[in-house]
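Following numbering that gives the first Met the number 0, the numbering of the sequence shown begins with 0 at its first residue and continues without gaps.
Cβ coordinates follow ideal geometry from the N, Cα and C atoms, glycine included.
Since this is a predicted model, take the numbers as computed values, not measurements.
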Amino acid sequence: MKQGKVTFSTRILRKEEFLPRYVVVKPEYVNGRTRAFQAQVFLNDAGPFVRNIRPWGKGSDVFFFNLTAPQCTKAGLETNDECVVRIIPKA
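And the structure:
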């Protein structure tokens, strides 16, 4: 993924109402990355939204990115909605 884009289906998550929504990115979608990287993200073709995709840490190999309320509104998504995510890493 260091050069190319990736598309996958997932669910919009949120731990608590006062916290931001987020998307979990499985390790196979980050192709061996170990550090945070910036990317353009599309949610169901809405976007692009510039996001920092970060390792989850705490012994996990997944990554994640947060979403703002305006981004979710623009994409027509609520917490727990399923969507298609496209990530295009910035060069």
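Can residue 40 and residue 64 be called in contact, C-beta distance under 8 Å?
yes
Since residue 6 and residue 82 are thought to touch, with beta carbons under 8 Å apart, how far apart are those beta carbons, to the nearest angstrom?
About 11 Å separates the two Cβ atoms, so there is no contact after all.
Contiguous alpha helix (DSSP H) assignments of at least 4 residues, all confined to the region 38-80:
68-74
Using three-state DSSP, classify residue 19 as helix, strand or coil.
It is coil, neither helix nor strand.
Range covered by the beta strand (DSSP E) that runs through residue 9
5-10
Kindly give me the distance between the Cβ atoms of residue 69 and residue 38, rounded to whole angstroms, as I take these residues to be in contact under 8 Å.
Contact doesn't hold; Cβ gap of about 18 Å is too wide.
Tell me which same chain residues have a C-beta within less than 6 Å of the C-beta of residue 19, skipping the five on either side of it?
65
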